[in-house]
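Residue numbers (this note's numbering): 36 to 473.
Here you go:
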């Protein structure tokens with residue numbers, strides 16, 4: 036299924052050639068906005084001015100959900116769906132943007148997170164929790180409004196912060212549903228260290244799981260991933276996943292995972308975790324594809340497969356980094372075929388390219404039906420769209436197989452082009468749902 040990309044605050048594309056360091060993207064102004072460090076929620080023009088948009092790319096406002104957006108999905112008739120938490124709590128539901136308004140889809144949920152439509156768009160799959168303390172749920176919402184529980188026993192949640200749960204979803208090339216499930220501990224610490232040093236790790240936690248829709252079989256297919264927040268598949272079936280690291284910071288990363296692969300958690304003494312357990316199993320972990328700075332908190336991942344951007348971008352990755360660290364929250368661009376990733380050299384480390392910089396907190400990025408990117412801001416619930424306009428680009432699109440040099444970003448003022456309202460989607464069971472005004 037195609038995914039819908041939302042883009043909000045600051046778009047920054049930077050020049051990159053193989054083996055060449057990216058040009059740093061400019062940061063938006065730190066203050067002076069209508070709400071201090073940021074524009075107010077309704078100050079769309081202020082958000083537009085704050086965006087650092089690359090020449091050749093166009094920013095459009097899509098709409099707003101009434102809470103904190105977790106993840107996005109593109110449904111029938113190209114309607115944008117989202118899992119939304121309300122009023123700063125874990126209580127929420129699934130919403131759809133219909134004719135510019137947010138509409139509740141289905142029943143209230145606890146911590147709704149992952150979203151994925153079946154390849155035929157007959158049903159919407161959701162991850163959530165039974166209660167704030169767990170367990171984790173895998174749900175299926177049918178077009179007639181029926182909500183079916185497929186699993187009500189998934190690992191959840193890391194005590195006492197109640198983080199980690201069943202997260203992002205994606206259908207694989209084999210037709211199965213893949214989901215990431217977080218660990219029940221930060222570093223396998225025991226709840227009673229006087230009796231045991233470390234807690235056992237269950238096979239369904241800290242893992243990528245495969246759910247077979249025909250047989251309902253659920254099994255782990257990749258392990259040692261502390262909190263896999265999102266999963267995605269490439270043009271040739273390559274599997275990717277994001278991982279959110281330890282509470283102390285280390286471990287934020289992008290993985291190119293393989294069936295049966297082990298990726299190191301909780302044996303992270305090499306990452307600076309002095310009280311992580313020793314790897315007595317001697318199972319060698321597979322390497323990260325990309326390591327992010329501590330506290331980047333990667334949340335959203337998409338493999339670009341459309342025709343709207345220069346053709347050389349097909350098969351490359353866009354990743355939403357939720358936290359700002361010392362830089363703003365941003366979307367970065369990653370070329371998995373870059374020689375510095377294929378043949379790592381400590382003297383020439385790979386650094387992702389800043390593509391969109393300065394949103395409040397970017398929670399997801401997906402692709403829409405026209406090959407644009409949609410980026411969600413979890414602070415105000417805004418959704419924005421980035422499209423490519425070849426006539427305004429300073430460089431022509433590259434040939435297939437080439438990786439284009441993304442132009443140097445610059446600040447751009449401008450108005451908003453609100454998209455034409457979509458027709459009512461056939462999936463939404465309107466008879467039992469009510470519109471919500473943000």
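The beta-carbon is built from N, C-alpha and C at its ideal position, and this holds for glycine as well.
Within a 10 Å sphere around the beta-carbon of residue 124 sit fewer than 16 other beta-carbons, which makes this residue exposed.
With respect to the 7 angstroms criterion, residue 150 and residue 108 are classified as neighbours on the basis of their beta carbons.
Residue 228 is classed as exposed because its beta carbon has fewer than 16 other beta carbons within 10 Å across all chains shown. Rounded to whole angstroms, the Cβ separation of residue 421 and residue 92 is 6 angstroms, and the two are in contact under 8 angstroms. Burial is judged here by how many other beta carbons sit within 10 angstroms of a residue's own beta carbon; residue 220 has at least 16 and is buried.
Judged by beta-carbon spacing, residue 369 lies within the 7 angstroms limit of residue 325, meaning their Cβ atoms are closer than that value.
DSSP places residue 194 outside any beta strand (DSSP E), giving it a letter other than H or E. For the pair residue 267 and residue 214, the CB atoms are not nearer than the 7 angstroms cut-off.
Among the bridge pairs identified by DSSP, residue 263 is matched with 278.
In this chain, the beta strand (DSSP E) harbouring residue 245 covers 242 to 246. With respect to residue 148, residue 199 sits apart: the two C-beta atoms are not nearer than 7 angstroms. It is roughly 26 angstroms from the alpha-carbon of residue 317 to the alpha-carbon of residue 193. By the neighbour-count criterion, in which a residue is buried when 16 or more other Cβ atoms sit within 10 angstroms of its Cβ, residue 293 is exposed.
Assignment of residue 95 by DSSP, reduced to helix, strand and coil, places it in the strand class.
Just so you know, the alpha carbons of residue 143 and residue 314 end up roughly 42 angstroms apart. Look at residue 346 here: in three-state DSSP terms it is helix. Within the DSSP bridge table, the entry for residue 420 names 95 and 409 as partners. DSSP, reduced to helix, strand and coil, places residue 341 outside both helices and strands of the structure shown, so it counts as coil.
Per the coordinates, the alpha-carbon of residue 85 lies some 22 angstroms from the alpha-carbon of residue 401. A straight-line Cα-Cα distance of about 17 angstroms links residue 183 and residue 211. Between residue 100 and residue 117, the gap from beta carbon to beta carbon is short of 7 angstroms.
The C-beta separation of residue 418 from residue 115 comes to about 6 angstroms, placing the pair in contact by the 8 angstroms criterion.
In the structure shown, residue 85 adopts helical secondary structure according to DSSP, grouped into three states. When the five nearest sequence neighbours on each side are left out, the beta carbons in the same chain lying within less than 6 angstroms of the beta carbon of residue 272 are those of 208, in order along the chain. Secondary structure of residue 270 (DSSP, three-state): coil. By DSSP's assignment, residue 174 forms a beta bridge with 161 and 184.
7 angstroms or more divides the Cβ of residue 284 from the Cβ of residue 339.
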